[in-house]
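Contents: one structure, followed by commentary.
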Amino acid sequence: MSPEFSIEMKSIHKVYPDGTVALRGVDFELRSGEIVGLLGENGAGKTTLMKILSGLLPPTSGEIYYNGKPVHFRNPSDALKLGIGMVHQYFALVPPFTALENILLGQEKAGRLSPLDLKGAREKVKALMEETGLSVPLDTPIELLSAGVQQRVEILKVLYRGTDVLILDEPTSYLTPLEVEELFKVMRRLKAQGKAIVFITHKLREVVEISDRIQVLRNGVVTGKLPASEATFDKLAIMMVGKEVIPQAVRSEAEPGEPVLKVKDLYVMSDFGTMAVKGISFEVMAGEIFGIAGVEGNGQSELVQAITGLRRPVKGEIWLKNSNVTAFGPRKLYSLGLSHIPEDKSKFGLAMNFDLAENSILGRQWEPQFAGAFGRLNWDNILKFTDRLIKSFNVVAPGVRTPVKSLSGGNQQRLLVGRELSKEPSLVVAAHPTRGLDIASTVYIRELLIKMRDAGKAVLLVSADLDEILELSDRVAVMYEGEFLGVGDIKEFAREEIGMMMGGVRVRK
Amino acid sequence: MRWLRALRPILESLSAIIVGLIVGSILMVFFKYQPLKAYAALFKGAFGSTGDILETLAFSVPIMLTAITFALGVRTGLFNIGAEGQMYLGAIGAVAVAGLLHLPPVIHVLAATLAGMVAGALWSVIPALLKVWRGVHEVISTIMFNWIAYHFSIYLAIYFLAQPGRAERTVPALPTARYPVLVEGSTLTAVIFVAWAFCLFVYFYLWGTRAGYELRLVGENPHAARYAGASAKKAILISFLLGGVAAGLAGASQIIGRPPAWSLYATLGNVSSLGFDGIGVALIGRNHPLGGILAAILYGALAHGGRYMEYQAGVDSEMVRAINGIIIVALSIPELWAIIKRSIKR
Numbered sequence: 000m001s002p003e004f005s006i007e008m009k010s011i012h013k014v015y016p017d018g019t020v021a022l023r024g025v026d027f028e029l030r031s032g033e034i035v036g037l038l039g040e041n042g043a044g045k046t047t048l049m050k051i052l053s054g055l056l057p058p059t060s061g062e063i064y065y066n067g068k069p070v071h072f073r074n075p076s077d078a079l080k081l082g083i084g085m086v087h088q089y090f091a092l093v094p095p096f097t098a099l100e101n102i103l104l105g106q107e108k109a110g111r112l113s114p115l116d117l118k119g120a121r122e123k124v125k126a127l128m129e130e131t132g133l134s135v136p137l138d139t140p141i142e143l144l145s146a147g148v149q150q151r152v153e154i155l156k157v158l159y160r161g162t163d164v165l166i167l168d169e170p171t172s173y174l175t176p177l178e179v180e181e182l183f184k185v186m187r188r189l190k191a192q193g194k195a196i197v198f199i200t201h202k203l204r205e206v207v208e209i210s211d212r213i214q215v216l217r218n219g220v221v222t223g224k225l226p227a228s229e230a231t232f233d234k235l236a237i238m239m240v241g242k243e244v245i246p247q248a249v250r251s252e253a254e255p256g257e258p259v260l261k262v263k264d265l266y267v268m269s270d271f272g273t274m275a276v277k278g279i280s281f282e283v284m285a286g287e288i289f290g291i292a293g294v295e296g297n298g299q300s301e302l303v304q305a306i307t308g309l310r311r312p313v314k315g316e317i318w319l320k321n322s323n324v325t326a327f328g329p330r331k332l333y334s335l336g337l338s339h340i341p342e343d344k345s346k347f348g349l350a351m352n353f354d355l356a357e358n359s360i361l362g363r364q365w366e367p368q369f370a371g372a373f374g375r376l377n378w379d380n381i382l383k384f385t386d387r388l389i390k391s392f393n394v395v396a397p398g399v400r401t402p403v404k405s406l407s408g409g410n411q412q413r414l415l416v417g418r419e420l421s422k423e424p425s426l427v428v429a430a431h432p433t434r435g436l437d438i439a440s441t442v443y444i445r446e447l448l449i450k451m452r453d454a455g456k457a458v459l460l461v462s463a464d465l466d467e468i469l470e471l472s473d474r475v476a477v478m479y480e481g482e483f484l485g486v487g488d489i490k491e492f493a494r495e496e497i498g499m500m501m502g503g504v505r506v507r508k
Numbered sequence: 000m001r002w003l004r005a006l007r008p009i010l011e012s013l014s015a016i017i018v019g020l021i022v023g024s025i026l027m028v029f030f031k032y033q034p035l036k037a038y039a040a041l042f043k044g045a046f047g048s049t050g051d052i053l054e055t056l057a058f059s060v061p062i063m064l065t066a067i068t069f070a071l072g073v074r075t076g077l078f079n080i081g082a083e084g085q086m087y088l089g090a091i092g093a094v095a096v097a098g099l100l101h102l103p104p105v106i107h108v109l110a111a112t113l114a115g116m117v118a119g120a121l122w123s124v125i126p127a128l129l130k131v132w133r134g135v136h137e138v139i140s141t142i143m144f145n146w147i148a149y150h151f152s153i154y155l156a157i158y159f160l161a162q163p164g165r166a167e168r169t170v171p172a173l174p175t176a177r178y179p180v181l182v183e184g185s186t187l188t189a190v191i192f193v194a195w196a197f198c199l200f201v202y203f204y205l206w207g208t209r210a211g212y213e214l215r216l217v218g219e220n221p222h223a224a225r226y227a228g229a230s231a232k233k234a235i236l237i238s239f240l241l242g243g244v245a246a247g248l249a250g251a252s253q254i255i256g257r258p259p260a261w262s263l264y265a266t267l268g269n270v271s272s273l274g275f276d277g278i279g280v281a282l283i284g285r286n287h288p289l290g291g292i293l294a295a296i297l298y299g300a301l302a303h304g305g306r307y308m309e310y311q312a313g314v315d316s317e318m319v320r321a322i323n324g325i326i327i328v329a330l331s332i333p334e335l336w337a338i339i340k341r342s343i344k345r
């Protein structure tokens, strides 16, 4: 008698080498011929769990059973041999190769020097396309195909290897609504052919529409398992983000003043050529923290880059105090009082091989106290200033002339935050300011942001960490697929309501 | 511990030298030469007498400058190997002003020096603009420009600048345009002070000015540079142009600052490969203008002392070059490794 589930994962734990605990005893089951939705916000552990099932990561502890027998995967090809394949969120295709070549990549049944059997392979791929309804132009280079078609190539690539268990990680991230419909049709067809599909997502509507069963993860723990027929948006939202009320940090009531930042009907393009920000308008007042919640990849990065001068908007206006700054670069914006704590400190905010002193003037290098006549750097002042930053922002560092890469992440962020907040800004834009930091630095940086607010600065906080948004914000907006689903006073929203909007369900007008 | 970290590059270079010497001696033993005798001759040849030291220093002048061309490129995130061609043009510019114009003494030297620097810079403009406007990779464009410069310079040397009656070389620099020889009988001239001053200037520019800071920032982390409001295009242009000036000065130094020729051979024989040698010198000097001065002296010592290996220890000149090459490669490895690591990370 064959077991009820074709795949069973039992009590899976995963601790990353850096000490991050991603999974704390997760069970997961899958039958053939069903679609299971795996729901959760950033860092819930969805992708980690499925990387373990597809052999990409070893679990720290726990067992995997395949048709009732325990199995151990050393690498993805072990999993593929049993018919388990994963399509990742970020495509792994070779842009100048044709679709056919990409599908065959790694599966060429030929010696190193003997010619490829392209003809036979083409017939097989064609049959596969026929069977699944996934059609792609086989002879077009990948770089000329849209994201939706590239995704089909990825799926074909996995199916061509004889997959019975198909894992799709956030497959609808870069798709248009029409392409999502197409994808769902294909998924239903594959299901009818007896394949099992895991659908990783944070989108509530989609998970309810396509799944047979839904499993919800939060902070590495299973918070819900239910048939899709019994799922409601608010039930799922509570499972996804929890219900507990986060106390607002101890502080006075906000006393908002004049608007400092005004964003009007803003459109911003992503690197993939899709519209990442679709007509957003909002204002941030002096003396308030305006929080933007949302699962990452819903246009927050592009929005922040547009506001901070790193990306030109396609349409719309940005006003800082009384100037239209829509086309301004970073330098002009800084001189008008912008402080920017970027989302990726090692990419934008710091030069890792530069020392503390050189990093303490990054973005401020033309200030008269640092650069005098003929652009001569005033090292006396720079070193004194760095010393002051280290002392007043509690940066632990061996010396001002040490490369910042030798500092811990928390201390790097303290230096960066210190540099930005000591500018006497009128607007502070903070993107994921505490991501990946130790608890002490997290608390410290959150306190600093509140201090800025109390000193009458306008603070725009973007964070995928819902707790952080709830703790710090006076007003909040939830961003989903490039739009704000709700904007209002933080007290107006219940936690699960924000969770539903993060999953794309608008609660009220 | 702090002084230890500061010493690390020097310790690395020293161990690289030792490795290079050992590998070189293995090679010599294999071909039945006597390594110890050969190395003694090398050292004695390079530093054995005042005259030898002066000669070693004379060898160091052009390559410390072409090293700056490459080092500036690396500091901006570029692999600018155009020094060779820019150096040819610098030599041509110096020949034209020093040999054809008649100017008062001091002014003539300055004008010829300047002509070399400007010609070198001009030759770097097109690769620079191609990079900034069209994103053409600098390795491709500078290699192509090196070849164009090679044939163009030979053409100019033969058809416009040749010394009447002596077609194998150009008109010599007039006495008013020559840097004074420092010690009678040596080939070291006062042009070495100009080269040192230029290295110091570049050092000050890179670490003492805002523009230099931004240039290094662009090379270190282009995203952070954008965040900091620094223009990558401007940094790349400056890096190319200043590198061209350095290479042009290197070429000029061989015309108006290096006896006995005081002119350019029509084969370009008295300047060829000085631009490429600068790459090795820059790597040994850790892409630092002051490190380049020391590395160039070491390189000059190998070039000059190598001749002694040949006639004192009986090592064939091809073998001398092979051994010098091994030492240079060993010395370049630490910095080369750092550059490779950085480009992989990107």
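Those protein sequences? They're chains A and B, same order as listed.
When the first sequence is numbered by numbering that gives the first Met the number 0, its final residue is 508 and no position is left out of the sequence of numbers.
When the second sequence is numbered by numbering that gives the first Met the number 0, its final residue is 345 and no position is left out of the sequence of numbers.
Every residue, glycine too, gets a C-beta built ideally from N, C-alpha and C.
Between which two residues does the beta strand (DSSP E) containing F483/A stretch? Counting along the chain, the beta strand (DSSP E) containing F483/A begins and ends at 482-488.
Cβ of R209/B within 8 Å of any chain A Cβ: At least one chain A Cβ lies under 8 Å of R209/B.
Give a yes or no on whether the minimum CB-CB distance between R225/B and chain A is below 8 Å. It does: the Cβ of R225/B has a partner Cβ on chain A nearer than 8 Å.
In the DSSP output, which residue or residues are listed as bridge partners for H339/A? BP columns for H339/A point to V428/A.
Closest Cα partner of P95/A within the set M238/A, L471/A, L143/A: The residue with the shortest Cα to Cα distance from P95/A is L143/A.
Selected residue, minimal CA-CA separation from A166/B, among I153/B, L289/B, V22/B: Considering only alpha carbons, the answer is I153/B.
Cα-Cα, which of F492/A, I6/A, R188/A, T273/A is closest to I51/A? The residue with the shortest Cα to Cα distance from I51/A is I6/A.
Between L20/B and chain A, is the shortest Cβ-Cβ distance under 8 Å, so that the two count as touching? The beta carbon of L20/B does not come within 8 Å of any beta carbon belonging to chain A, so the residue lies off that interface.
Does the beta-carbon of V25/A have 16 or more other beta-carbons within 10 angstroms, so that it is buried, or is it exposed? Buried, because 16 or more other Cβ atoms sit within 10 Å of the Cβ of V25/A.
For I381/B, which of helix, strand or coil comes out of DSSP? One cannot answer for residue 381/B here, as it falls past the ends of chain B, which runs 0 to 345.
With a threshold of 8 Å between beta-carbons, can L335/B be considered close to chain A, or not? Taking Cβ atoms only, chain A never reaches closer than 8 Å to L335/B, which makes this a no.
Under the three-state DSSP convention, the category M239/A falls into: For M239/A, the three-state secondary structure derived from DSSP is helix.
Sorted by chain position, which residues of the same chain lie with C-beta nearer than 7 Å to I9/B's C-beta, five sequence neighbours on each side aside? None.
Roughly how many angstroms separate the alpha carbons of A302/B and L335/B, rounded to a whole number? CA-CA distance, A302/B to L335/B, rounds to 22 Å.
For S359/A, report the span of its alpha helix (DSSP H) as first-last. Note, S359/A: alpha helix (DSSP H), 355-359.
Select from V458/A, H87/A, P424/A, G408/A the residue whose C-alpha is nearest the C-alpha of A439/A. The shortest C-alpha to C-alpha distance from A439/A to any of V458/A, H87/A, P424/A, G408/A is the one to G408/A.
Less than 8 Å between the beta carbons of A43/A and N218/A, yes or no? A43/A is a Cβ neighbour of N218/A, given a cutoff of 8 Å.
What's the C-alpha gap between T139/A and Q149/A? Take the alpha-carbon of T139/A and the one of Q149/A: they are about 11 Å apart.
Selected residue, minimal CA-CA separation from F384/A, among V207/A, N410/A, A356/A: When only C-alpha atoms are compared, the closest one is A356/A.
Would you call the stretch 360-375 of chain A and the stretch 316-326 of chain A touching, i.e. three or more CB-CB distances under 8 Å? Pairwise C-beta distances place the stretch 360-375 of chain A out of contact with the stretch 316-326 of chain A, as fewer than three of them are shorter than 8 Å.
Report yes if the C-beta distance between I254/B and V117/B is below 8 Å; otherwise report no. It is not a contact, given that the beta carbons lie outside the stated cut-off.
Enumerate in chain order the residues of its own chain whose CB-to-CB distance from G268/B is below 6 Å, with the five nearest sequence positions on each side excluded. Excluding residues within five positions, none has a Cβ falling inside 6 Å.
Can you pull the chain A neighbours of E219/B, defined as C-beta to C-beta under 7 Å? Within chain A, the residues A350, N352, F353 have their CB atoms less than 7 Å from the CB of E219/B, given in chain order.
Tell me, please, whether the stretch 422-442 of chain A touches the stretch 457-472 of chain A by the rule of three or more beta-carbon pairs shorter than 8 Å. Touching, yes, given that three or more Cβ pairs across the two stretches are closer than 8 Å.
With distances taken between CB atoms, is the gap from A66/B to A295/B smaller than 8 Å? It is a contact, given that the beta carbons lie within the stated cut-off.
For E213/B, decide whether its Cβ has a neighbour in chain A, counting only Cβ atoms nearer than 8 Å. Taking a beta-carbon distance threshold of 8 Å, E213/B counts as an interface residue toward chain A.
Can you tell me the Cα-Cα spacing of E129/A and E205/A, whole angstroms? A direct Cα-to-Cα measurement between E129/A and E205/A gives close to 26 Å.
Can the beta-carbon of F347/A be found closer than 8 Å to that of Y307/B? Not in contact: F347/A and Y307/B (Cβ atoms no closer than 8 Å).
Helix, strand or coil for R474/A? Go by DSSP, reduced to three states. Of the three classes helix, strand and coil, the one that applies to R474/A here is strand, per DSSP.
Identity of the residue in F271/A, M186/A, I102/A, N74/A nearest S145/A by Cα: Cα-wise, what sits closest to S145/A is F271/A.
Is H287/B close to chain A? Criterion is C-beta to C-beta, closer than 8 Å. No, no contact with chain A.
Within this structure, are the beta carbons of G487/A and G286/A separated by less than 8 Å? Going by C-beta atoms, G487/A is not nearer than 8 Å to G286/A.
When we look at the beta-carbon of Y333/A and count the other beta-carbons within 10 Å, is it buried (16 or more) or exposed? Per the 10 Å Cβ criterion, buried.
Which same chain residues end up closer than 6 Å to E309/B when comparing Cβ atoms and leaving out the 5 residues on each side of it in sequence? A distance below 6 Å between beta-carbons, with the five flanking residues on each side excluded, links E309/B to the following residues of its chain, in chain order: S316, V319.
Going by DSSP in three states, P258/B sits in which element: helix, strand or coil? In the structure shown, P258/B sits in coil (DSSP, three-state: anything other than H, G, I, E or B).
From the DSSP secondary-structure annotation, give me the bridge partner or partners of R165/B. DSSP output for R165/B lists Q162/B as bridge partner(s).
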